[in-house]
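These notes are about the structure you will find just below.
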Amino acid sequence: MTIAQQVKEQLKEEIKQAVVAAGLAPAEDVPDVVLETPKDKAHGDFATNMAMQLTRIARMAPRKIAETLVDHFDKEKGHIRKIEIAGPGFINFFLDNRYLTDLIPAIIEAGDNYGQSQSGAGKKILVEFVSANPTGSLHLGHARGAAVGDTLCRLLNKAGYQASPEYYINDGGNQISNLAISLQTRYLQALGREAEIPENGYHGQDIVKLASGLVEKYGDTIAEKPEDEQLRFFRNYGVEHLMSGIKKDLADFGVSFDVWYSERSLYETGKVEAALNLLKDKGETYEKDNALWLKTEQYGDDKDRVLVKSDGSYTYFTPDISYHKDKFERGFDELIDVLGADHHGYVPRMKAAMQALGYNPDQLIVQIIQLVNLFKDGEKVKMSKRTGKAVTMRELMDDVGVDAARYFFAMRSSDTHLDFDLDLAISHSNENPVYYVQYAYARISSMLKRANDFETADLAALDLTLLSGEKEIDLLKKLGEFPSVIAESAEKLAIQHIPAYLFDLASKLHSFYNAEKVLDETNVPLSQARVALMKAVRTTLKCGMDLIAVHAPEKM
RNA sequence: GUCCCAGUAGCUCAGUUGGAUAGAGCAACGGCCUUCUAAGCCGUGGGUCACAGGUUCGAAUCCUGCCUGGGACACCA
1 MTIAQQVKEQ
11 LKEEIKQAVV
21 AAGLAPAEDV
31 PDVVLETPKD
41 KAHGDFATNM
51 AMQLTRIARM
61 APRKIAETLV
71 DHFDKEKGHI
81 RKIEIAGPGF
91 INFFLDNRYL
101 TDLIPAIIEA
111 GDNYGQSQSG
121 AGKKILVEFV
131 SANPTGSLHL
141 GHARGAAVGD
151 TLCRLLNKAG
161 YQASPEYYIN
171 DGGNQISNLA
181 ISLQTRYLQA
191 LGREAEIPEN
201 GYHGQDIVKL
211 ASGLVEKYGD
221 TIAEKPEDEQ
231 LRFFRNYGVE
241 HLMSGIKKDL
251 ADFGVSFDVW
261 YSERSLYETG
271 KVEAALNLLK
281 DKGETYEKDN
291 ALWLKTEQYG
301 DDKDRVLVKS
311 DGSYTYFTPD
321 ISYHKDKFER
331 GFDELIDVLG
341 ADHHGYVPRM
351 KAAMQALGYN
361 PDQLIVQIIQ
371 LVNLFKDGEK
381 VKMSKRTGKA
391 VTMRELMDDV
401 GVDAARYFFA
411 MRSSDTHLDF
421 DLDLAISHSN
431 ENPVYYVQYA
441 YARISSMLKR
451 ANDFETADLA
461 ALDLTLLSGE
471 KEIDLLKKLG
481 EFPSVIAESA
491 EKLAIQHIPA
501 YLFDLASKLH
511 SFYNAEKVLD
521 ETNVPLSQAR
531 VALMKAVRTT
541 LKCGMDLIAV
551 HAPEKM
């Protein structure tokens with residue numbers, strides 16, 4: 001438990017004791033103590049609504065209850081220097097801030113591990129994300145999914161879960177046949193022959209490029225081969241090269257995966273058939289119109305779904321069921337699927353399938369990534385992979401930069417629409433908050449380079465109580481919040497709290513910086529204490545930036 | 001028609017478990033570099049929380065209805 005948590009828990013306990021001591025309610029009837037952090041500093045460090053909650057039990061006016069409670073409160077044990085009753089019956093607590101200075105040595109000692117907690121209790125979670133078909137380059141929407149999934153994994157691990165990032169390669173289905181045909185067409189065109197891409201083919205420039213590379217390498221020799229051999233060649237060549245491009249894009253974006261799981265391998269190991277047979281054996285399927293259906297409607301889906309089409313081939317759904325079954329069999333406690341909004345209709349279906357297999361559907365958590373709208377020159381850019389007009393992830397990285405893009409995607413709740421103004425992001429204007437946060441880090445780094453005279457090997461020898469100014473206390477409090485911000489964001493899968501925290505911390509740092517001089521030869525003890533504070537802030541900034549994979553620059 | 005997301009300052013968005021006078025950035029306006037990085041700081045103005053009911057000590061937040069915008073609803077993936 002962190003120092004800040006200890007203080008909070010202790011305060012809760014003391015409030016409960018006071019309620020009992022005052023005879024307001026018997027111990028077993030005391031409601032859970034709710035402590036909130038008031039928005040207005042004038043309302044103290046913590047506030048409780050206990051007096052309002054007790055109106056029914058104690059049968060007294062809330063303000064009267066509050067007065068009685070305060071009379072029986074032990075300030076010393078609760079680390080409280082002042083208590084006020086306000087409004088309809090809020091009790092405001094002002095902390096004795098002496099405890100805060102303990103944070104500095106704790107943070108400096110923890111280093112990159114500051115904020116690490118065990119709140120996830122080692123729960124094993126598989127996070128599947130991106131999983132784009134190898135039929136072209138990654139585009140803007142995939143970039144958002146990549147940023148969200150990767151940050152989620154980093155966050156979960158920091159909070160004491162064991163998160164494993166995984167990418168499902170759709171290298172077995174229909175779309176790969178389309179890829180083969182599209183690549184073949186572009187190849188023939190590159191040779192100057194008549195050919196036209198089918199309506200449902202892939203029209204992207206990446207395929208054109210791939211084809212011209214083939215011509216350079218092989219000339220027209222592939223076209224001389226029999227048709228089925230040609231298609232097999234184009235299929236394998238396409239998947240291999242497009243996947244390596246995808247892997248490079250993701251790596252450059254700061255995203256890494258533990259496992260790249262091939263759909264085709266599910267067939268080869270007989271897992272698709274095994275899952276199918278299990279569903280049949282359990283009586284969860286039936287035949288109709290020459291196709292095999294899964295009874296998903298009974299588990300909350302809109303309608304039953306086809307597993308095996310009337311032509312004998314599988315739908316996309318079937319291997320995906322076996323994939324999810326395999327995930328559970330590998331021992332994960334929870335599965336998180338990060339999916340694009342265009343797949344949200346797919347969720348009840350997959351949950352139903354999990355239930356049909358005998359798993360708890362609540363163990364499958366789906367994080368929906370809402371659409372990204374790109375704005376350029378004030379106009380919305382229409383995106384479509386099929387027509388090849390999408391903005392690619394590579395372009396995003398080249399134009400905007402990885403740091404800004406990662407920060408931008410982490411900044412908003414993943415399940416809301418995102419308007420991405422490309423011009424603004426490119427312009428490097430200070431509207432982009434990533435610079436603000438990085439600047440705070442660079443400022444501290446620059447100071448610390450000149451701080452040799454104030455370095456102390458023994459932190460315990462410093463008089464940290466000198467850090468008693470308002471802005472110093474603000475900074476210390478903010479530093480103390482970090483571990484609970486992480487634990488809470490991880491539990492709620494709410495990554496957007498991390499950039500918000502970083503921005504806040506940076507803001508307090510800038511404010512302090514402008515008001516006070518850190519390196520002051522005329523006051524060595526204070527300067528030493530402030531140098532230690534700066535180190536703690538820098539460490540915390542770095543830990544937070546690591547979570548969203550934003551680079552922490554020594555200078556800007 | 002059913003489902004998902006959104007509607008809060010001129011713009012982009014926060015808003016914790018329901019809590020006190022609804023916040024931040026940008027834009028606008030006024031100050032601050034002889035001093036550790038001005039990509040910064042300090043200050044001012046700016047609101048029918050889409051709308052209508054309900055729940056209660058208290059609602060931007062929860063419930064119902066309704067309007068508007070975006071998306072999804074295949075024997076596609």
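Numbering (this note's numbering), first residue to last: 1 to 556. Note that the Cβ used here is the ideal one computed from N, Cα and C, for glycine as well.
Looking at the DSSP output, G340 sits in a beta bridge with I369. When DSSP states are grouped into helix, strand and coil, R305 belongs to the strand group.
A contact between stretches requires three or more CB pairs, one per stretch, nearer than 8 angstroms, and the region 344 to 359 fails this requirement with the region 130 to 140.
Membership of Q162 in any alpha helix (DSSP H) is not indicated; the residue belongs instead to the beta strand (DSSP E) covering Q162 to I169.
Annotation for L191: V215, D220 and A223 place their beta carbon closer than 8 angstroms to its own, counting only its chain and skipping 5 residues before and after. In its chain, beyond the 5 residues on either side, P348, R349 and A352 have a beta carbon closer than 7 angstroms to the beta carbon of D301.
Around the beta carbon of D112, fewer than 16 other beta carbons sit within 10 angstroms, so the residue counts as exposed. Taking 8 angstroms as the cut-off, the Cβ atoms of K555 and A442 count as close. In the same chain as E194, and ignoring 5 residues on each side of it, the C-beta atoms closer than 8 angstroms to its own belong to L188, in chain order.
Residue range L418 to D421 is occupied by the beta strand (DSSP E) that includes D419. Here V33 carries a coil assignment [DSSP, helix/strand/coil]. Contact check for A159 against L231 fails: the beta carbons are separated by 8 angstroms or more. In the structure shown, S262 adopts extended strand secondary structure according to DSSP, grouped into three states. If you compare the alpha carbons of V437, V485 and V524 with that of D453, the shortest gap goes to V524.
If you draw a 10 Å sphere on the C-beta of N514, you find fewer than 16 other C-beta atoms in it, and that means exposed. Between G270 and V402, the C-beta gap is not smaller than 8 angstroms, which leaves the two residues out of contact.
Three or more beta-carbon pairs drawn from the region 318 to 325 and the region 264 to 281 are found closer than 8 angstroms, and the two stretches are therefore classed as touching.
Around the beta carbon of D228, fewer than 16 other beta carbons sit within 10 angstroms, so the residue counts as exposed.
Around the beta carbon of G283, fewer than 16 other beta carbons sit within 10 angstroms, so the residue counts as exposed. Here the alpha carbon of A291 sits roughly 39 angstroms from the alpha carbon of M393. As far as DSSP is concerned, I495 takes part in no beta bridge.
Under the 10 Å beta carbon count, N432 is surrounded by 16 or more other beta carbons and is classified as buried. Between the beta-carbon of D29 and that of I57 there is about 6 angstroms, and that keeps the pair under the 8 angstroms contact cut.
DSSP links H139 through a beta bridge to T392.
Short of 7 angstroms from the beta carbon of T315, and not among the five residues preceding or following it, lie these beta carbons of its own chain, in chain order: V306, L307 and K309. Contact between V33 and M52 is ruled out by a C-beta separation of about 13 angstroms, above the 8 angstroms threshold.
8 angstroms or more divides the Cβ of Y407 from the Cβ of V537. When C-alpha distances from T318 are compared across L266, Q355, G345 and H344, the shortest belongs to L266.
When the five nearest sequence neighbours on each side are left out, the beta carbons in the same chain lying within less than 7 angstroms of the beta carbon of A211 are those of L183, R186, Y187 and A190, in order along the chain. Residue nearest to K478 within the set D504, E491, A490 and I486 is D504 (criterion: CA-CA distance).
Spatial neighbours of P198 in its own chain (CB-CB distance under 7 angstroms, excluding positions within 5 residues in sequence) are listed in chain order as I181. The C-beta distance from M534 to L448 rounds to 6 angstroms, short enough to fall under 8 angstroms. Leaving aside the five residues that flank E395 on each side, none in its chain has a CB nearer than 6 angstroms to its CB.
Among the bridge pairs identified by DSSP, E128 is matched with E166 and D337. In terms of CA proximity to N97, D474 leads the group L509, D474, S484 and Y501. Remark: C-beta atoms of L103 and G480 approach each other more closely than 8 angstroms.
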